[in-house]
Every structure is written in structure tokens, then in C-alpha cells.
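To keep things clear, I will list the structure first and then write my remarks on it.
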DNA sequence: CGCGATAATGCCTTATCGGCATGAGCCGAT
DNA sequence: ATCGGCTCATGCCGATAAGGCATTATCGCG
């Protein structure tokens, strides 16, 4: 029995096999490869002898893959596809700056884009990040490689990696907190304007409602103002005009800087989180895989700032 | 400028490039490939001319990849790795039965393993599933391709695909439900034994506690019995000895059969879910990718039965 | 039954691949 | 400085595998 290693990969034969598997015809494959039918025939036969298994079942009218052929073909085809693309990429731009298109939700972009992009560029100066913002929820809109989305865990064939689960707590300006010093959480909320963040497909106020229900607060939550993004709500809260439910990690810098305060210990996991979202096929692209790994590792050490 | 297609993939040159990239030395690469240094040198030079970009920077003492080389190498190496493995797989067993090792949590295995395995085997008769349960006592099998785990959404480099989020509701035997006919949810829970499922890293009773808090029930939840698996708790509940929080999807067949009833409309999403868990690298294996896609598509149409 | 498909095969040509020997830089030790 | 040892590049040549052409075998179809 032969075992294969790098020194002896029957590459030309594999290319012939790939073409035949694609066209399911020796003649057509030969034509596609620009060689004669006999050459292709030889290659495939040689490969079959090497493997000790037939790759195609020759039928009078048609050619069909054997189990062995079926097992081999997807790998071979995928590999050649990737090599082909990689070669053309290099020819085109010398592999100089691979650009990775990234979409971020607005609040995330506003708070974290800079530290992330700077840190990533430091580690991978040759990967150019073309980044754009998108709506707060939902799937990425345009052609993009990787997107961060704010969503609940969802099913789907796309690869979806959790960066962190959102954990919210009431936040407001220091002045407002001081003015209501000593009040209970329930009283504090009842006495102040509530700032909501709109979420696609959810009724407004749902997060405040879930929050108050979770902590058993008897307050009416369907009042106040609603904003498109968390960052806007936070900004409004910082001006002293109300209290918003803030993601502690997302607004860590504001809290540290003192422009926002979180007077209560109660934090609530609302089932939403920030996910890195990309197509399963794209994971085969080393640049995208590298970026994914880098993001996951970085956020595992806590949300950057 | 040349553009590459299948007909002119310089495969032998790429193999040489891969080896040189691995060893960062023409001589060492030549030795590893079992050919002379000159052959390797020619190949790399030829490839560089084809691409119009240098792949290595020749320095007196050392060889370093150029940007173009760095962009190309991971793809080429990964592709050859996969081809090498695929070829050896075929040699070994003719690609006949690719076996995929699958691990399932006990309750999941008990309720869903059969329908899933049967349906999958019908669609892919050539993939043999070697499935094992994450037994309570069973030694954790590290050698596995894909696992279903019951967990909260977590961060990590492994690819984690949500199958469905757990949604629980009180369930008990029909007799017990009849005996307490007409009671409110609060009363019903207060008057019956509570059956818990133990979760690693969580205090016992946490789900009942979250459930009652979510619906504003004033009942004590830290009482009753705790079980290792949801299936055990459900079985106990079916015997009429208490009320358990059941995942509606997981126990759909029991509910349909009437051995368990869920007398209340209140369902609660507890933040846990069933995830398909696999290594990011493994996604390059067509068999594993196929299984992943199949599972995701199937569960998207609802939990099988 | 012959015609038109297909893939397999024998024979021959070719050019790709690779080996050997050598050359050209560069480094460090004597 | 010079020489030996190391690296990769190159000229030349031979082996061989890759491929072309023409033919054969097999099957389906009109």
C-alpha cells in the first residue's frame, strides 16, 4: 500500500481527475484542459491504480463517480479552486494589501472601531480593513467579508461567533444620579425618563420591560424616548435627561471617564449579544480566518477600549 | 499578465514553493522533497516569473517570505494538506464509509439520536456516524469530529452553531395535571414537588428560580429533587411525582403521545440552547461541512422527531 | 447492422522535470 | 586578506512522464 506525502503527490493526475469529475466525461474534460482525451484517460487510470480504487464507474452512456471518487472530488476541487484564486490574487496585486471588508453596528463602531482597527493593523499591517457601519440589527447588507451584528443567538449556516453577551444596567449622568441619591432602583426608575433603544422586530421598550420584570419592579416602562442606537441613547443619558440601559462593556470608557454612571449593581443579560458573522465558505480564506481568530482571542480577554 | 485557470496551474512549482515556505531554505526543501536543490530553485524562480512577483526575499543568511509569498503560502499549504489527507483516506478505505464521530448530550441522544441518524443515513448512506453519548460517567471522548452541547452562547474559536434555543414550560403527568385542574400557575407550582436538572457551574434550582422570577411568581423554588439529565427529570415527572421544566421541542414526542402534559401556556427562554460544536479547521473537511449544513437545515425546519 | 458516441491502448514525440557540475554572493574563521 | 563553507542561481544534458495520433473495443440508437 502506498501512502502519499508531499514528495509524491500526483498533481497532474489530480487535475485531470478534477476536470473529469466536473464534466463527467473524459472527452469533455480533455477539451476543457486543452489536452487530448488519451492523456486524461491515462492520468485517471494511473491515479486509480495508485489509489487501488476505481474513481469512476464507466457506463456506456455516462460516467458516474464511485464512492472513492465522490469522497476525493470535493477536497480536490476545493483545493484547486482556492489555489487558483490565490494565484490570481497574487498576480493582480502582489498580495500586498489583502483587504477585508468589515461591517459594524453603529454603537460598536463608535466605541470600539478605533481601538480594534489600530490593534489589528499593528499585528497585521498587510491586511487593509475596509470598514463600514450598518443598522443596529439584522443581516449585513452589502458585499462584506465579516460583520459584527447585535442580535440574539440565531440558527443558520453562516458562522456566528459570540464576542460577548450584552449585560445591561441603568446608566445616567452623574448629576442625575446625585439628585436621586439613596433611592431604591424601583423608585429611581419610576421617577426618571426612560431612554429606549429600538430593535428591529421587537416592540419598543421590551428591554426595559424585561429588566423590570427580572428584578420584580412594579414600574411602567412604556414611556420616555426611543433611539436608533445605543450610543445615541447613552449620549442623551449623559446629558442628564433620563436613564438608559447600558451595556457595561460597550460603555466602559464612558463609565470610567465619569461622563456616565451606573448607580445600581443590578445587571441583566437580555439575550442579545455581539456576534462576529461570516460565511462558512469564507473560513477557508486565510485572511478571514486570521481576522476571526484575532477578534475572538481579543474579545476573550475582555472588550477592548 | 497571465491569469490562471485549471489548464495551467503550475502544480509542481507550487509544491516546491510550499516546501521552501515550510523550511525557508531551498536546500532543505529540496532534501525534504527528495530532489536536488537546483530543481527547487528553478521551480520557485519559474513561479515567481509567472506571477510577476518575488515570493521570497533572498538574504545572505536567511530566506524570508515577501508579502506575495505570505499571501500565497497558507492557501497552498492548506490545500496540499487536505489533498494529501484525502488521498490517504481513499487508499485506506476506498472512501467507502467516511466515518464521522459525533457526541451528543444524554437527553438529546435519547430523544433525537434515532430520528436524526436515520434521516441522515437516508440522505448520505456513505457517511457512517460513530455516535456516542456524553454519559454521566462515560469518559469524555476527546476524539470526536462534531458534538452537540447544551450550553449558553459562549465565546471561543470553535465554531458553535445554534440548533435551537431551549424554551421551557412546566410539565407533569396527565394525572397530576388533572388533579390540580383549574389552579393558577403559581398555585400549581407551590403545591407540587419541583424537579430540577443539574447544570455544571450553576447552583441547583437556577432555572426554576429564573422561571418564577420571570413570571413574577412568589413561590419557593429551592425544594424537590435534582437530576443529572433532562430526560431523567422528565421520566420522573411522567410518573406523576412532580413537575419539571421541559424543553417543549425536546419532549415534543412525549407531549404528543400524552405521557407528559404541559398545562400552562407560559414558556420561558432560559438562555441555554443546543449548539453544534466543531473545530474551525474541521470545516474544511467536506464530510464534516456536509453534516453541519444538513443539521442546521434540518433543525431550521423545527426539531425532528 | 452500421453509425456515432464513448473510453482504452500501442506507438511515437516532445518538453518538462531533474541531476550534476559549476558559478556567484555572502559570512566568518584563521 | 584570504580561504572554506554556506547559500541560491545557472548551463548543460539525460531520463521519463506527459501528451498526441491513430486505432480498437464497447455500447446505444436509428
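Residue numbers (my numbering), protein chains in the order written: chain U, 177 to 481; chain C, 177 to 481. Idealized CB from N, CA, C, for every residue including glycine.
Looking at the secondary structure, which residues open and close the alpha helix (DSSP H) in which residue i lies?
{"i": "residue 251 of chain U", "result": "243 to 269"}
{"i": "residue 202 of chain C", "result": "202 to 209"}
{"i": "residue 390 of chain U", "result": "382 to 390"}
{"i": "residue 299 of chain C", "result": "290 to 299"}
{"i": "residue 347 of chain U", "result": "Counting along the chain, residue 347 of chain U falls outside any alpha helix (DSSP H), though it belongs to the beta strand (DSSP E) covering 335 to 347."}
{"i": "residue 229 of chain U", "result": "Element bounds for residue 229 of chain U: n/a, residue is neither H nor E."}
{"i": "residue 429 of chain C", "result": "428 to 433"}
{"i": "residue 324 of chain U", "result": "Unbroken run through residue 324 of chain U is the beta strand (DSSP E), 322 to 327; no alpha helix (DSSP H)."}
{"i": "residue 194 of chain U", "result": "187 to 199"}
{"i": "residue 363 of chain U", "result": "361 to 366"}
{"i": "residue 395 of chain U", "result": "Taken as a continuous stretch (DSSP letters only), residue 395 of chain U belongs to no alpha helix (DSSP H), as it is neither H nor E."}
How would you list, in chain order, the residues of chain U whose beta-carbon sits under 8 Å from the beta-carbon of residue i?
{"i": "residue 181 of chain C", "result": "260"}
{"i": "residue 274 of chain C", "result": "247"}
{"i": "residue 264 of chain C", "result": "179, 180"}
Alpha carbons only, please: which of the options is nearest the one belonging to residue i?
{"i": "residue 196 of chain C", "options": "C:183, C:215, C:184", "result": "C:215"}
{"i": "residue 253 of chain C", "options": "C:239, C:262, C:193, C:280", "result": "C:193"}
{"i": "residue 422 of chain C", "options": "C:237, C:380, C:346, C:180", "result": "C:346"}
{"i": "residue 370 of chain C", "options": "C:469, C:403, C:186", "result": "C:403"}
{"i": "residue 395 of chain C", "options": "C:405, C:381, C:407, C:255", "result": "C:381"}
{"i": "residue 234 of chain U", "options": "U:451, U:221, U:226, U:227", "result": "U:221"}
{"i": "residue 468 of chain C", "options": "C:367, C:277, C:247, C:392", "result": "C:277"}
{"i": "residue 407 of chain U", "options": "U:205, U:267, U:293, U:286", "result": "U:286"}
{"i": "residue 373 of chain U", "options": "U:297, U:437, U:397", "result": "U:397"}
{"i": "residue 362 of chain U", "options": "U:183, U:242, U:390", "result": "U:390"}
{"i": "residue 223 of chain C", "options": "U:438, U:264, U:351, U:352", "result": "U:264"}
{"i": "residue 386 of chain U", "options": "U:448, U:205, U:474, U:473", "result": "U:448"}
{"i": "residue 405 of chain U", "options": "U:262, U:260, U:419, U:284", "result": "U:284"}
{"i": "residue 379 of chain U", "options": "U:353, U:364, U:399, U:367", "result": "U:399"}
{"i": "residue 209 of chain U", "options": "U:331, U:218, U:191, U:232", "result": "U:191"}
{"i": "residue 236 of chain U", "options": "U:202, U:303, U:459, U:392", "result": "U:202"}
{"i": "residue 416 of chain U", "options": "U:248, U:231, U:198, U:435", "result": "U:435"}
{"i": "residue 211 of chain C", "options": "U:182, U:301, U:218", "result": "U:182"}
{"i": "residue 461 of chain U", "options": "C:478, C:250, C:384, C:231", "result": "C:250"}
{"i": "residue 470 of chain U", "options": "U:296, U:432, U:225, U:185", "result": "U:296"}
{"i": "residue 275 of chain U", "options": "U:350, U:420, U:185, U:306", "result": "U:306"}
{"i": "residue 301 of chain U", "options": "C:247, C:459, C:411", "result": "C:247"}
{"i": "residue 185 of chain U", "options": "C:256, C:340, C:228, C:217", "result": "C:256"}
{"i": "residue 454 of chain C", "options": "C:267, C:377, C:322, C:355", "result": "C:322"}
{"i": "residue 418 of chain U", "options": "U:401, U:428, U:432", "result": "U:401"}
{"i": "residue 326 of chain U", "options": "U:355, U:281, U:290", "result": "U:281"}
Give a single yes or no on whether residue i has its beta carbon closer than 8 Å to a heavy atom of the ligand NAD.
{"i": "residue 411 of chain U", "result": "This structure lacks the ligand NAD; in fact it carries no ligand of any kind."}
First and last residue of the beta strand (DSSP E) that includes residue i?
{"i": "residue 309 of chain U", "result": "303 to 309"}
{"i": "residue 453 of chain C", "result": "444 to 454"}
{"i": "residue 232 of chain U", "result": "232 to 234"}
{"i": "residue 419 of chain C", "result": "419 to 423"}
{"i": "residue 278 of chain C", "result": "274 to 280"}
{"i": "residue 413 of chain U", "result": "Taken as a continuous stretch (DSSP letters only), residue 413 of chain U belongs to no beta strand (DSSP E), being part of the alpha helix (DSSP H) at 406 to 414."}
{"i": "residue 437 of chain C", "result": "No beta strand (DSSP E) holds residue 437 of chain C; DSSP gives it neither H nor E."}
Is the separation between the beta-carbon of residue i and that of residue j shorter than 9 Å?
{"i": "residue 342 of chain U", "j": "residue 425 of chain U", "result": "yes"}
{"i": "residue 324 of chain U", "j": "residue 279 of chain U", "result": "yes"}
{"i": "residue 451 of chain C", "j": "residue 288 of chain C", "result": "no"}
{"i": "residue 335 of chain U", "j": "residue 456 of chain U", "result": "yes"}
{"i": "residue 270 of chain U", "j": "residue 189 of chain C", "result": "no"}
{"i": "residue 480 of chain C", "j": "residue 292 of chain C", "result": "yes"}
{"i": "residue 158 of chain U", "j": "residue 333 of chain C", "result": "Residue 158 of chain U is absent from the model: chain U starts at 177 and stops at 481."}
{"i": "residue 430 of chain C", "j": "residue 383 of chain C", "result": "no"}
{"i": "residue 409 of chain U", "j": "residue 349 of chain U", "result": "no"}
{"i": "residue 439 of chain U", "j": "residue 353 of chain U", "result": "yes"}
In chain C, which residues lie less than 9 Å from residue i when you measure between Cβ atoms?
{"i": "residue 472 of chain U", "result": "331, 332, 333"}
{"i": "residue 343 of chain U", "result": "Simply none; closest approach about 12 Å."}
{"i": "residue 240 of chain U", "result": "Residues of chain C passing the Cβ test: none, with the nearest at roughly 13 Å."}
{"i": "residue 340 of chain U", "result": "331"}
{"i": "residue 469 of chain U", "result": "333, 456"}
So which residues on chain C does residue i lean against when the C-beta distance must stay under 8 Å?
{"i": "residue 220 of chain U", "result": "Simply none; closest approach about 14 Å."}
{"i": "residue 465 of chain U", "result": "456"}
Please list, in chain order, the residues of the stretch 295 to 308 of chain C that have any C-beta partner in chain U closer than 8 Å.
302
Can you pull out the residues from the stretch 185 to 203 of chain U whose beta carbon lies closer than 9 Å to at least one beta carbon of chain C?
If the cut-off is 9 Å between Cβ atoms, the stretch 185 to 203 of chain U has 185, 186, 187, 188, 190, 191, 194, 195, 198 near chain C.
Could you list the residues in the stretch 318 to 329 of chain U with a C-beta less than 9 Å from some C-beta on chain C, going in chain order?
328, 329
If contact means a Cβ-Cβ distance below 8 Å, which residues of the stretch 387 to 408 of chain C contact chain U?
Residues of the stretch 387 to 408 of chain C with a C-beta atom less than 8 Å from some C-beta of chain U are 389, 390, 392, listed in chain order.
So if I threshold CB-CB distances at 8 Å, which residues from the stretch 426 to 460 of chain C count as touching chain U?
Those would be 445, 447, 449, 456, 459, 460, in chain order.
Residues in the stretch 245 to 260 of chain C having any Cβ partner in chain U nearer than 8 Å
So the close ones are 245, 246, 247, 248, 250, 251, 252, 254, 255, 256, 258, 259, 260.
For the stretch 341 to 365 of chain U, enumerate the residues whose C-beta is nearer than 8 Å to any C-beta of chain C, in chain order.
341
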